[in-house]
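Okay, structure first, notes after.
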Amino acid sequence: MKIFVTGGTGYIGSHTVVELQQSGYDVIIADNLVNSSIDVLDGIEKITGIRPEFEEIDLTDRAATRDFFVRHSDIKAVIHFAALKAVGESVHKPLEYYFNNLNSLMNVLDSMREFQVPNLVFSSSCTVYGQADVLPVTEKTPRHEAESPYGNTKVMSEDIIRDLMKVESKMNALALRYFNPIGAHPSAYIGELPNGVPNNLIPYLTQTAIGIREQLSVFGDDYNTPDGSPLRDYIDVVDLAKAHVVAIRRLLEGKNKANYEFFNIGTGKGLSVLEIIHAFENATGVKVNYKIVGRRAGDIEKVWADTTLANTELGWKAATPIEETMKNVWKWQQSLR
Ligand code: NAD
Ligand code: UFG
Numbered sequence: 201m202k203i204f205v206t207g208g209t210g211y212i213g214s215h216t217v218v219e220l221q222q223s224g225y226d227v228i229i230a231d232n233l234v235n236s237s238i239d240v241l242d243g244i245e246k247i248t249g250i251r252p253e254f255e256e257i258d259l260t261d262r263a264a265t266r267d268f269f270v271r272h273s274d275i276k277a278v279i280h281f282a283a284l285k286a287v288g289e290s291v292h293k294p295l296e297y298y299f300n301n302l303n304s305l306m307n308v309l310d311s312m313r314e315f316q317v318p319n320l321v322f323s324s325s326c327t328v329y330g331q332a333d334v335l336p337v338t339e340k341t342p343r344h345e346a347e348s349p350y351g352n353t354k355v356m357s358e359d360i361i362r363d364l365m366k367v368e369s370k371m372n373a374l375a376l377r378y379f380n381p382i383g384a385h386p387s388a389y390i391g392e393l394p395n396g397v398p399n400n401l402i403p404y405l406t407q408t409a410i411g412i413r414e415q416l417s418v419f420g421d422d423y424n425t426p427d428g429s430p431l432r433d434y435i436d437v438v439d440l441a442k443a444h445v446v447a448i449r450r451l452l453e454g455k456n457k458a459n460y461e462f463f464n465i466g467t468g469k470g471l472s473v474l475e476i477i478h479a480f481e482n483a484t485g486v487k488v489n490y491k492i493v494g495r496r497a498g499d500i501e502k503v504w505a506d507t508t509l510a511n512t513e514l515g516w517k518a519a520t521p522i523e524e525t526m527k528n529v530w531k532w533q534q535s536l537r
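FYI, the numbering for the sequence shown is 201 to 537, going by our numbering.
In structure tokens, the structure reads:
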């Protein structure tokens with residue numbers, strides 16, 4: 201059974217390819233390598249013993265995308281990861297983000313419709329909720345207006361998929377709203393490869409611990425949270441990858457209850473920035489040089505998921521303790537020396 205994974209050499213995509221292959225699926229990846237390296241295929245092969253098929257394709261190229269589907273008539277489902285994802289950059293380059301994230305999605309959907317590939321799993325984000333009034337957020341929590349062009353591409357992508365599913369009754373789509381993905385594969389053969397100075401907490405933290413960065417800035421300790429630093433729902437990337445396998449299985453086995461569904465994928469627990477730092481220090485024995493600074497513009501105070509729907513409907517639950525995630529991400533950081 202062959203699954204087409206767009207953006208499959210990226211951070212979450214590569215971990216998902218590993219879990220798919222280990223579950224017996226054949227995988228073909230298309231990626232334009234704008235934010236990933238071809239070497240990721242070596243890591244996947246080391247873990248699974250299987251080198252996934254790969255094609256370098258820019259999915260904003262309509263003809264190239266269509267041609268891909270013409271040549272691969274054995275694809276049964278698509279997992280669409282390919283997107284640009286830097287929130288700050290999207291504010292400065294809105295058109296590039298709308299162009300890339302929306303055109304790639306529409307080209308994939310258009311070919312799926314034409315070549316009758318019925319099943320799609322889409323990478324969405326808890327960014328669609330913004331700062332929710334009531335926590336934790338359930339799938340019934342209203343979406344808020346997006347705070348960045350990146351976030352807006354997720355809102356718009358969900359709407360495009362929802363509207364298409366209304367008229368394509370033979371197609372099925374399932375959006376996974378990821379909370380904050382962190383960690384690396386326990387083998388340390390794959391993990392997150394941030395470009396330049398990291399924006400996200402965990403890569404900045406591990407780069408500080410190893411001495412690439414001098415000090416981690418904690419953006420604010422005056423929020424309305426127990427220790428004053430913001431709360432997020434940090435989900436281990438391998439647990440997240442496994443959610444894609446159960447989502448694909450649900451669609452392939454026809455167990456979905458509607459032809460467009462969406463699920464929160466998190467742990468159900470909020471951790472503060474300071475708690476994350478201490479969890480890392482406890483798990484690794486390595487001290488992190490950090491300093492409390494002012495709030496970062498655009499940050500929300502707190503968000504975490506109610507994961508009841510994913511637990512009951514998908515039969516999926518986050519399983520990796522935070523200490524293990526921290527050990528894995530430290531092993532990964534050390535492997536990059
Ligand atoms: P990533 O940048 O590591 O992976 C995305 C991959 O898509 C990269 O390999 C990139 O080269 C590829 N790509 C981008 N545009 C492309 C195009 N036009 N054609 C072909 N390939 C293209 O990012 P990630 O963290 O693995 O995220 C995967 C998906 O999950 C994205 O859609 C992202 O928006 C979403 N998401 C990520 C997070 C997070 O915090 N990492 C949170 C919520 C949602
Ligand atoms: N933080 C610091 N110092 C840093 C980096 C981050 O204190 O150097 C704090 C932030 O203020 C925030 C928390 O760590 O409170 C997490 O920040 P990240 O940048 O790691 O993650 P965000 O929650 O801001 O954003 C993430 C993804 C986005 C996505 C969003 C909602 O990066 O793509 O979750 O899904 F849109």
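Just so it is clear, CB atoms sit at the ideal spot from N, CA and C, and this is done for glycine as well.
The structure presented is a predicted model; accordingly, all values stated were derived computationally and were not measured.
Could you tell me the alpha carbon to alpha carbon distance between residue i and residue j, rounded to whole angstroms?
i, j, result
"A529", "H385", "The displayed chain sequence assigns Val, not Ala, to residue 529. Computed Cα separation, rounded: 8 Å."
"E453", "R362", "21 Å"
"S417", "Y490", "6 Å"
"L401", "F462", "26 Å"
"S357", "V308", "12 Å"
"D421", "A283", "32 Å"
May I ask which residues mark the beginning and end of the alpha helix (DSSP H) holding residue i?
i, result
"N459", "Neither: N459 is in no alpha helix (DSSP H) and is coded neither H nor E."
"K245", "It should be pointed out that residue 245 corresponds to Glu in this sequence rather than to Lys. Segment 240-248, the alpha helix (DSSP H) holding E245."
"I522", "522-535"
"D359", "349-367"
Taking Cβ to Cβ, would you say residue i is nearer than 8 Å to residue j?
i, j, result
"W516", "A510", "yes"
"D231", "G249", "no"
"S323", "I212", "yes"
"N482", "I435", "no"
"N301", "T353", "yes"
"V437", "G383", "yes"
Under three-state DSSP, which class holds residue i?
i, result
"S214", "helix"
"I390", "coil"
"D499", "coil"
"H444", "helix"
"R432", "strand"
"R377", "strand"
"D310", "helix"
"S290", "helix"
"I477", "helix"
"L295", "helix"
So the beta strand (DSSP E) residue i belongs to, where does it begin and stop?
i, result
"K202", "202-206"
"P381", "380-382"
"E255", "253-256"
Measure from the alpha carbon of residue i to the alpha carbon of each residue in the options, then state which is nearest.
i, options, result
"Q221", "S237, I203, L233", "I203"
"H272", "E314, S472, P294", "E314"
"V287", "V328, R262, Q316, L320", "V328"
"M306", "I275, A263, T520, R251", "A263"
"E253", "V240, D261, T260", "V240"
"V270", "V317, E245, S236, I238", "V317"
May I ask whether a heavy atom of the ligand SAH can be found less than 7 Å away from the beta carbon of residue i?
i, result
"G351", "Ligands displayed in this structure: the ligand NAD and the ligand UFG; the ligand SAH is not among them."
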